[in-house]
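Remarks on the structure that follows.
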Amino acid sequence: MTWVQVIFVLLSLVTLGSALLVVTTSHLVHSALWLVVTLGAVAGIFLVLAAEFVAWVQVLIYVGAVVVLLLFALMLTKAPTGRQEELTARRVVPAAVVATLVGLLLAVTVVAGFRDVRLDLDRAVVGSAETTGTSVFTLWVLPFEVLSVLLLAALVGAIVLSRLRGGDDA
Amino acid sequence: MPLWWPLLVASLLFAIGVYGALSRRNAVLVLMGVELMLNAVNLNFVAFDAQLRDVLHGGQTFALFVIVIAAAEIGLALAIVLLVFRTHGHIEVDDLRELADRDEPSRTDA
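Heads up: the sequence lines are chains A and B, in that order.
Going by the numbering used here, the first residue of the first sequence is number 89, and it counts up by one from there.
Going by the numbering used here, the first residue of the second sequence is number 181, and it counts up by one from there.
Dropping the structure here:
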């Protein structure tokens, strides 16, 4: 095993372990904090897989913005900070069965389909800010603009939803 | 490294996300499961981009687009969660049954 493979395996173990803690811990805030570890390790995997710009965007948007939004939502919904037993009370067994089936199906499919394919990271094109920016703003301009319209719609929707009722026309 | 290593990690991460989204009762924790699933998809995109040595960088670009869509989704979803909390006083997804399809005997068309 080369050192790239060792780093990849370690990051994968951190990702999967902390993801398991995200979905099983009985502290609400700990769940959000383990999510930070998971997303950070995924950003590390992106770096190993030669996607440099995506990794930094992952750190900025996910670890920065999304987790802070989640923590704000936990705070605004008066989430208790202590241990809570009934977070995953009733549907643990069916959820575990469905998740195991989904995981088995996906894992068997991808391993059977791509067992012989090598991932040659030495010759992969590193997705630096320059190469990613060039491809986004030359080849993928139309999806980019559509995405900005989508973001605007989401912004307007969030404002409309979170406006207080009982106003002039609401 | 073999290509199936990152694909296997993505599959397991997706399964963990499915478990989180299905088993949690708090709506914010359900959203965290959804985020895990979106990250698994991004992992697949990036792995195939590196394997195919895509000159268009379609995989990495689409991973960026998925991140943006996830940000929009989480913003809207948290607005909905806060609205639900304001009207119901809780965000337990099991107890939100206003839209459930019940068999009401006295249903009449208006």
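Every residue gets a Cβ at the ideal spot worked out from N, C-alpha and C, and that includes glycine.
Leaving aside the five residues before and after residue i along the sequence, list all residues of the same chain whose C-beta is less than 6 Å from its C-beta, in chain order.
i: Ala-107 (chain A); result: Thr-126
i: Leu-99 (chain A); result: Ala-129, Gly-132 and Ile-133
i: Ser-119 (chain A); result: Val-110 and Thr-113
i: Gly-197 (chain B); result: Gly-213, Leu-216 and Met-217
Residues of chain A with CB closer than 9 Å to the CB of residue i, please, in chain order.
i: His-268 (chain B); result: Correct list: empty, because the minimum Cβ distance to chain A is about 10 Å.
i: Arg-233 (chain B); result: Asp-208, Arg-211, Ala-212 and Val-213
Who are the Cβ neighbours of residue i in its own chain at under 8 Å, not counting the five residues just before and after it?
i: Gln-146 (chain A); result: Leu-127, Val-130, Ala-131 and Phe-134
i: Ala-167 (chain A); result: Leu-116 and Val-117
i: Leu-202 (chain B); result: Gly-213
i: Thr-169 (chain A); result: His-115, Leu-116 and Val-117
i: Leu-304 (chain A); result: An answer regarding residue 304 (chain A) cannot be provided, because it is not within the stretch 89 to 258 covered by chain A.
i: Leu-232 (chain B); result: Gly-239
i: Thr-90 (chain A); result: none
Residue i touches chain A at which residues, Cβ-Cβ below 7 Å?
i: Arg-277 (chain B); result: Simply none; closest approach about 14 Å.
i: Val-210 (chain B); result: The contacting residues do not exist; Val-210 (chain B) stays about 10 Å from chain A at best.
i: Val-198 (chain B); result: Val-186, Ala-187 and Val-190
Just to confirm my understanding: we take residue i, look at its own chain, exclude 5 residues before and 5 after, and list those with CB closer than 7 Å. What are they?
i: Leu-148 (chain A); result: none
i: Leu-189 (chain A); result: none
i: Ile-95 (chain A); result: Val-136
i: Val-224 (chain A); result: Phe-232
i: Val-221 (chain B); result: Val-246
Quick one: which chain B residues come within Cβ less than 8 Å of residue i?
i: Thr-176 (chain A); result: Ser-203, Arg-204 and Arg-205
i: Val-199 (chain A); result: Trp-184, Leu-187 and Leu-188
Report the neighbours of residue i on chain B: residues whose CB is nearer than 7 Å to its CB, in chain order.
i: Arg-171 (chain A); result: Residues of chain B passing the Cβ test: none, with the nearest at roughly 14 Å.
i: Val-180 (chain A); result: Ser-203
Do residue i and residue j have their C-beta atoms closer together than 8 Å?
i: Val-154 (chain A); j: Ile-271 (chain B); result: no
i: Gly-213 (chain B); j: Val-111 (chain A); result: yes
i: Ser-191 (chain B); j: Gly-191 (chain A); result: yes
i: His-268 (chain B); j: Leu-258 (chain B); result: no
i: Val-273 (chain B); j: Ala-207 (chain B); result: yes
i: Ala-250 (chain B); j: Ala-139 (chain A); result: no
i: Arg-206 (chain A); j: Leu-183 (chain B); result: yes
i: Leu-188 (chain B); j: Ala-227 (chain B); result: no
i: Asn-219 (chain B); j: Leu-193 (chain B); result: yes
i: Leu-123 (chain A); j: Ala-195 (chain B); result: no
i: Ala-242 (chain A); j: Leu-263 (chain B); result: no
i: Phe-141 (chain A); j: Ala-246 (chain A); result: no
i: Leu-249 (chain A); j: Ile-260 (chain B); result: yes
i: Ala-184 (chain A); j: Tyr-199 (chain B); result: yes
Quick one: measure Cβ to Cβ for residue i and residue j, integer angstroms, because I've assumed they're closer than 8 Å.
i: Thr-222 (chain A); j: Val-213 (chain A); result: That pair is no contact at about 11 Å.
i: Ser-114 (chain A); j: Arg-178 (chain A); result: No, Ser-114 (chain A) and Arg-178 (chain A) are not in contact; Cβ-Cβ is about 15 Å, not under 8 Å.
i: Arg-266 (chain B); j: Thr-176 (chain A); result: Not quite, the Cβ-Cβ distance comes to about 25 Å (not below 8 Å), so this is no contact.
Closer than 8 Å by beta-carbon distance: list the chain A residues that pair up with residue i, in chain order.
i: Val-189 (chain B); result: Ser-100, Thr-103, Leu-104 and Ile-133
i: Val-261 (chain B); result: Ala-161 and Thr-165
i: Ala-280 (chain B); result: What Ala-280 (chain B) touches in chain A: nothing, since even the nearest Cβ is about 16 Å away.
Counting only Cβ pairs nearer than 9 Å, list the residues of chain B close to residue i.
i: Val-205 (chain A); result: Pro-182, Leu-183, Trp-184 and Gln-231
i: Val-92 (chain A); result: Met-181
task: Output, in sequence order along the chain, the residues in the stretch 218 to 229 of chain B whose CB is closer than 8 Å to any CB in chain A.
output: Asn-219, Asn-222, Leu-223, Val-226, Ala-227 and Asp-229
message: Counting only Cβ-Cβ distances shorter than 9 Å, please list the residues of the stretch 241 to 256 of chain B near chain A, keeping chain order.
response: If the cut-off is 9 Å between Cβ atoms, the stretch 241 to 256 of chain B has Thr-241, Phe-242, Ala-243, Leu-244, Phe-245, Ile-247, Val-248, Ile-249, Ala-250, Ala-251, Ala-252, Glu-253, Ile-254, Gly-255 and Leu-256 near chain A.
task: Quick one: which residues of the stretch 131 to 162 of chain A get their C-beta closer than 8 Å to a C-beta of chain B? List them in chain order.
output: Correct list: Ile-133, Phe-134, Leu-137, Ala-138, Ala-139, Phe-141, Val-142, Val-145, Gln-146, Ile-149, Tyr-150, Ala-153, Val-154, Leu-157, Leu-158, Phe-160, Ala-161 and Leu-162.
task: Mind checking the stretch 215 to 232 of chain A against chain B and listing, in chain order, the residues whose C-beta falls within less than 7 Å of any C-beta there?
output: Taking 7 Å as the Cβ-Cβ cut-off against chain B, the residues of the stretch 215 to 232 of chain A that qualify are Gly-215, Thr-219, Thr-220, Ser-223, Val-224, Leu-227, Trp-228 and Pro-231.
Where the stretch 98 to 131 of chain A meets chain B: residues whose CB sits under 8 Å from a CB there: Cβ contacts with chain B: Ser-100, Thr-103, Leu-104, Ala-107, Leu-108, Val-110, Val-111, Leu-116, Ser-119, Ala-120, Leu-123, Thr-126, Leu-127 and Val-130.
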